[in-house]
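Protein chains in written order, with UniProt numbering: chain W, 1 to 332; chain P, 1 to 332.
Right, here's the structure in full:
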């Protein structure tokens with residue numbers, strides 16, 4: 001058996017594991033025990049398996065297009081629109097079109113014959129389409145990791161969302177906040193899970209309790225308003241609210257206004273996703289800028305590299321964020 | 001010459017006009033004098049030209065995809081995201097993918113070999129890509145009409161934007177407004193041109209002056225804030241502001257707040273495009289709902305019909321709007 005002819009299936013058979021477990025073990029982007037990972041890697045080395053061969057074997061007669069799958073709830077968030085156009089811009093550099101995939105897209109319908117690869121952004125374990133997409137027999141790059149099981153993606157571009165929330169909480173503490181609260185979605189996505197974990201770690205490290213309220217992934221301003229009103233009523237001396245869902249932060253300001261709390265003075269307010277909503281309020285809201293257009297570019301660039309065989313399957317790239325400090329936390 | 005073999009070029013030659021003028025004259029969606037239109041139509045009838053033949057001749061070996069072109073400024077407006085997913089949903093019913101075209105897309109790069117047809121949404125005369133796209137040698141459906149010259153689109157889906165602004169101004173007058181103002185983009189798009197014309201007509205019919213301030217097509221809240229602050233300072237007894245650009249209306253409320261005017265009482269506020277921004281303010285803002293997802297569906301449906309030969313080239317379909325009345329105009 002020459003090294004060129006060794007496939008992922010050969011490795012999986014020799015190791016006595018499934019193809020997806022072998023992929024996970026070699027790729028490094030999925031969940032697999034360290035023992036299994038070492039076992040599969042040893043087998044792969046023995047057989048002379050080369051990941052690049054796998055990457056190339058995934059390539060087929062090019063459709064000239066890649067697919068873009070956004071969260072089902074993402075259609076009203078300008079964050080995803082910026083990300084989409086970033087991906088379009090980068091893909092065109094390689095002569096690739098971006099096909100916008102609707103909600104409820106399954107890998108059926110000949111998806112693999114329509115696109116060379118897929119971008120799956122913020123995959124949520126509650127989304128039934130995601131496992132199908134990961135199994136679509138074309139390279140897949142996820143924006144943030146997928147926390148569910150099944151086939152591992154070929155690559156991922158990730159933000160350090162724990163670090164950005166920690167920076168936000170540090171900033172609020174520095175501005176005098178002693179009783180902060182966080183409005184965050186449940187832990188079905190890598191992003192939300194990181195926020196919960198970071199709030200918990202920060203609370204214990206600083207010995208300052210962060211009250212966490214769960215809201216929908218794409219909470220509306222009205223839902224943020226209701227959650228904030230409840231926080232104001234139940235948390236004594238509440239002095240800061242961090243709102244995770246994009247676009248919902250005006251609801252936090254509305255609740256503060258009704259309660260007679262001055263945003264930026266009596267109540268500090270910050271958002272985990274910068275965008276039109278955070279910039280459109282009065283005062284404007286301090287927010288983490290995830291640089292959506294550049295994020296989309298980075299996802300498309302990694303997929304291009306995987307298709308060209310210039311990135312190894314399992315590649316995970318980091319994407320940087322910045323903190324935009326505005327009037328809602330200046331105590332001016 | 002049998003009727004089946006007569007092409008648009010045959011008609012153009014016989015009539016002594018260019019292909020695009022012949023297309024405009026027969027299609028009815030473009031600008032051409034009534035004399036020319038009648039002349040070309042007579043020639044077409046004499047030759048036995050059948051528009052359906054032309055529609056079929058435009059069909060080529062299917063790429064399985066249609067292109068979607070959004071305004072260059074549209075990437076941060078959730079209106080266009082909803083519209084895009086509406087188009088994706090409808091196109092999938094016909095087995096068509098939707099390729100998202102980036103800003104600055106030209107008909108070069110083999111566009112006609114990549115897509116069967118194009119959706120060009122809110123084409124603006126200032127956008128240099130639009131004439132190229134209209135000339136891309138595939139059927140084109142525009143969302144709203146194109147006010148520039150060149151090749152006529154194969155079809156259009158239009159809203160009666162004059163009627164919706166008239167309804168909005170009537171509503172404000174009914175709620176007691178005597179000195180309304182309008183923040184609207186310059187007349188480069190069909191939508192903006194209709195708003196200017198409707199404001200002018202309404203002013204003369206009601207003998208109530210509507211003060212119009214020009215703002216960018218995708219004005220930010222800060223730009224709407226600045227324009228409103230200027231209106232408050234310069235228009236005596238200003239009592240209502242209609243904000244046309246999607247997403248900018250929170251700036252109007254911010255300016256009112258700073259000036260000590262209560263929105264919904266001292267100053268009535270309304271928006272020409274409903275969306276997250278209009279629903280996220282306190283009070284929520286009365287707005288025209290253009291039903292973006294359904295608009296996208298209607299555009300994709302017309303393009304499908306043109307590709308299938310079940311709609312005539314030059315078909316213009318109407319799309320309905322509704323008015324959502326909210327706290328910003330209730331005087332409660």
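Ideal Cβ positions, reconstructed from N, Cα and C, are used throughout, including at glycine.
Keep in mind that this is a model prediction, so the values were computed, not measured.
Can you give the Cα-Cα distance for residue 284(W) and residue 257(P), rounded to whole angstroms?
-> Locating residue 284(W) in the first chain gives position 284, counting from the first residue. Locating residue 257(P) in the second chain gives position 257, counting from the first residue. Computed Cα separation, rounded: 14 angstroms.
Cβ of residue 294(P) less than 7 angstroms from any chain W Cβ?
-> On the second chain, position 294 is the one that residue 294(P) refers to. No, its Cβ sits nowhere closer than 7 angstroms to a Cβ of chain W.
Tell me residue 155(W)'s beta-bridge partners as DSSP assigns them.
-> Locating residue 155(W) in the first chain gives position 155, where the first residue counts as 1. Its beta-bridge partners are 141(W), 315(W).
Beta-carbon of residue 100(P) versus every beta-carbon of chain W: anything under 7 angstroms?
-> As a working note, residue 100(P) is residue 100 in the second chain. Using beta-carbon distances, residue 100(P) counts as an interface residue toward chain W, with a partner under 7 angstroms.
Counted within 10 angstroms of its Cβ, other Cβ atoms place residue 260(W) as buried (16 or more) or exposed = As a position in the first chain, residue 260(W) is number 260, starting the count at 1. Exposed is the call here.
Kindly list, in the order they appear in chain W, the residues whose Cβ is closer than 8 angstroms to that of residue 277(P).
-> Here residue 277(P) refers to the residue found at position 277 when the second chain is read from its first residue. Chain W residues near residue 277(P): 276, 277, 280.
Is the Cβ-Cβ distance between residue 191(P) and residue 166(P) less than 7 angstroms?
-> Counting from one through the second chain, the residue named residue 191(P) turns up at place 191. Counting from one through the second chain, the residue named residue 166(P) turns up at place 166. Cβ atoms of residue 191(P) and residue 166(P): not closer than 7 angstroms.
May I have the straight-line CA-CA distance separating residue 326(P) from residue 278(W), to the nearest angstrom?
-> By 1-based counting over the second chain, the position of residue 326(P) is 326. By 1-based counting over the first chain, the position of residue 278(W) is 278. Whole-angstrom Cα-Cα distance: 22 angstroms.
Validate contact between the stretch 296-304 of chain W and the stretch 241-250 of chain P using beta carbons, cut 8 angstroms, 3 pairs = no
Using the DSSP secondary-structure output, state which residues sit across from residue 121(P) in a beta bridge.
-> The residue labelled residue 121(P) in the question sits at position 121 within the second chain. 143(P), per the DSSP bridge assignment.
Residue environment, residue 185(P), which counts as buried when at least 16 other CB atoms sit within 10 Å = Taking the second chain and counting its residues from 1, the one referred to as residue 185(P) is at position 185. Burial call: buried.
What residues in its chain sit with their C-beta under 8 angstroms from that of residue 216(P), if we drop five residues either side in the sequence?
-> As a working mapping, residue 216(P) is identified with position 216 in the second chain. Correct list, in chain order: 73, 185, 223, 245.
Spatial distance of residue 54(P) from residue 187(P) (CA atoms) | For this step, residue 54(P) is matched to residue 54 along the second chain. For this step, residue 187(P) is matched to residue 187 along the second chain. Legend: pLDDT at residue 54(P) = 38, less than 50; position of this residue unreliable, value from coordinates given subsequently. For residue 54(P) and residue 187(P), the distance between alpha carbons rounds to 33 angstroms.
In whole angstroms, what is the alpha-carbon distance linking residue 206(P) and residue 286(W)?
-> As a first step, residue 206(P) must be located in the second chain, where it is residue number 206. As a first step, residue 286(W) must be located in the first chain, where it is residue number 286. Each residue's Cα considered, the two are about 45 angstroms apart.
Taking just the CA atoms, how far does residue 20(W) sit from residue 58(W)?
-> Reading the first chain from its first residue, position 58 is the one you call residue 58(W). Reading the first chain from its first residue, position 20 is the one you call residue 20(W). Confidence is the limiting factor: at residue 58(W) the pLDDT is only 42, short of 50, which leaves the residue's position unreliable and the question unanswerable from this model.
Kindly indicate if chain P contains any beta-carbon less than 7 angstroms away from that of residue 241(W).
-> Counting from 1 along the first chain, the entry for residue 241(W) is found at position 241. No, residue 241(W) does not count as interfacial toward chain P.
Short Cβ contact (7 angstroms threshold) for residue 151(P) with residue 170(P) = For the purposes of this step, residue 151(P) is taken as the residue at position 151 of the second chain. For the purposes of this step, residue 170(P) is taken as the residue at position 170 of the second chain. No, these two residues do not count as a Cβ contact at 7 angstroms.
In three-state DSSP terms, what is residue 265(W)?
-> Here residue 265(W) is taken as the residue at index 265 of the first chain, counted from 1. It is coil, neither helix nor strand.
Okay, do the stretch 170-183 of chain W and the stretch 268-275 of chain W touch, 3+ Cβ pairs below 8 angstroms being the bar?
-> With a cut-off of 8 angstroms on Cβ pairs, the stretch 170-183 of chain W is in contact with the stretch 268-275 of chain W, counting three or more such pairs.
So residue 79(P) and residue 273(P) are in contact, right, with Cβ under 8 angstroms, and what is the actual spacing, rounded?
-> On the second chain, position 79 is the one that residue 79(P) refers to. On the second chain, position 273 is the one that residue 273(P) refers to. The Cβ separation is near 6 angstroms, so the contact holds.
Grab me the residues of residue 148(P)'s own chain with a C-beta within less than 8 angstroms of its C-beta, minus the 5 sequence neighbours each way, in chain order.
-> For the purposes of this step, residue 148(P) is taken as residue 148 along the second chain, with counting starting at 1. Result list for residue 148(P): 123, 125, 130, 131, in chain order.
Chain W contacts from the stretch 130-160 of chain P (Cβ-Cβ distance under 8 angstroms) = none
Among 293(W), 197(W), 228(W), 247(W), which has the Cα closest to the Cα of residue 220(W)?
-> Along the first chain, read from residue 1 onward, the residue named residue 220(W) stands at position 220. That would be 247(W), whose Cα lies nearest to the Cα of residue 220(W).
Determine the DSSP secondary structure at residue 96(W), reduced to helix, strand or coil.
-> Here the question's residue 96(W) lines up with position 96 in the first chain. Looking at residue 96(W) - three-state DSSP - the assignment turns out to be coil, as it is neither helix nor strand.
Does residue 114(P) get closer than 7 angstroms to chain W when you measure Cβ to Cβ?
-> Residue numbering aside, residue 114(P) sits at position 114 when the second chain is read from its first letter. Yes, because at least one Cβ of chain W sits closer than 7 angstroms to the Cβ of residue 114(P).
Please say whether residue 99(P) and residue 115(P) have beta carbons closer to each other than 7 angstroms?
-> Translated into the one-based positions of the second chain, residue 115(P) becomes position 115. Translated into the one-based positions of the second chain, residue 99(P) becomes position 99. Contact flag set, yes.
Spatial distance of residue 235(W) from residue 180(W) (CA atoms) = Counting from 1 along the first chain, the entry for residue 235(W) is found at position 235. Counting from 1 along the first chain, the entry for residue 180(W) is found at position 180. Approximately 9 angstroms between the Cα atoms of the pair.
According to DSSP, which residues form a beta bridge with residue 213(P)?
-> Position 213 of the second chain, counting from 1, holds the residue named residue 213(P). Its beta-bridge partners are 183(P).
Just to confirm, are residue 157(P) and residue 319(P) a CB contact at a threshold of 7 angstroms?
-> The count along the second chain starts at 1 and reaches residue 157(P) at position 157. The count along the second chain starts at 1 and reaches residue 319(P) at position 319. Cβ distance < 7 angstroms, so residue 157(P) and residue 319(P) count as in contact.
Please list the partners that residue 92(P) has in chain A, where partner means a Cβ-to-Cβ separation under 7 angstroms.
-> In the structure shown, chain A cannot be found, because the protein chains are W and P.
Test: residue 250(W) CB closer than 7 angstroms to a CB of chain P | Taking the first residue of the first chain as 1, we reach residue 250(W) at position 250. Chain P contact via Cβ: present.
Taking DSSP as the reference, what is the three-state secondary structure of residue 70(W)?
-> Here residue 70(W) refers to the residue found at position 70 when the first chain is read from its first residue. Here residue 70(W) sits in coil by DSSP.
Inspect the beta-carbon positions of residue 22(P) and residue 12(P) and report whether they are closer than 7 angstroms.
-> Taking the second chain and counting its residues from 1, one reaches residue 22(P) at position 22. Taking the second chain and counting its residues from 1, one reaches residue 12(P) at position 12. Going by C-beta atoms, residue 22(P) is nearer than 7 angstroms to residue 12(P).
State yes or no: is the C-beta of residue 294(P) nearer than 6 angstroms to some heavy atom of the ligand NAD?
-> The ligand NAD is not among the ligands present in this structure, which contains no ligands whatsoever.
Apply the 10 Å Cβ neighbour rule to residue 97(W) and answer buried if 16 or more other Cβ atoms are within range, or exposed otherwise.
-> The residue labelled residue 97(W) in the question sits at position 97 within the first chain. Per the 10 Å Cβ criterion, buried.
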